[in-house]
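Data block below; observations after.
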Amino acid sequence: MQRLSATEDTLLLICSDGLTDNGLLEIYTESHLLPILNRQVTLEQGVNRLIDLANEHNGHDNITVLAIWMQVQSQMPGL
13 MQRLSATEDT LLLICSDGLT DNGLLEIYTE SHLLPILNRQ VTLEQGVNRL
63 IDLANEHNGH DNITVLAIWM QVQSQMPGL
């Protein structure tokens with residue numbers, strides 16, 4: 013068990029090697045991760061696109077993705 017703190021909006025991906033083998037995420041960061049980070053697609057749409065990408069390139073392996081979007085809100089005094 014590990015505690016994580018986020019001081020800015022964060023996308024946490026926990027995924028199997030079916031998505032990460034062969035540098036897949038590094039190669040497709042701009043086309044598949046940035047749209048999630050920039051909120052151009054919903055989290056569900058983004059994960060589905062990642063699974064499709066993994067099926068195209070690493071379909072021989074299992075593909076598991078857990079995605080958590082952590083949105084940090086500023087603390088306002090007096091609230």
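Quick note: the sequence shown, position 71, residue 83 per the working numbering, numbers continuous. Where is the CB? At the ideal position from N, CA and C, for every residue including glycine.
Host alpha helix (DSSP H) of residue i (start-end)
| i | result |
| --- | --- |
| Val-59 | 55-70 |
| Leu-45 | It is not in any alpha helix (DSSP H) - Leu-45 carries neither H nor E in the DSSP assignment. |
| Leu-31 | 29-32 |
Range covered by the beta strand (DSSP E) that runs through residue i
| i | result |
| --- | --- |
| Met-82 | 77-82 |
Span separating the alpha-carbon of residue i from that of residue j
| i | j | result |
| --- | --- | --- |
| Leu-23 | Val-59 | 11 Å |
| Val-53 | Met-13 | 30 Å |
| Gln-83 | Thr-19 | 9 Å |
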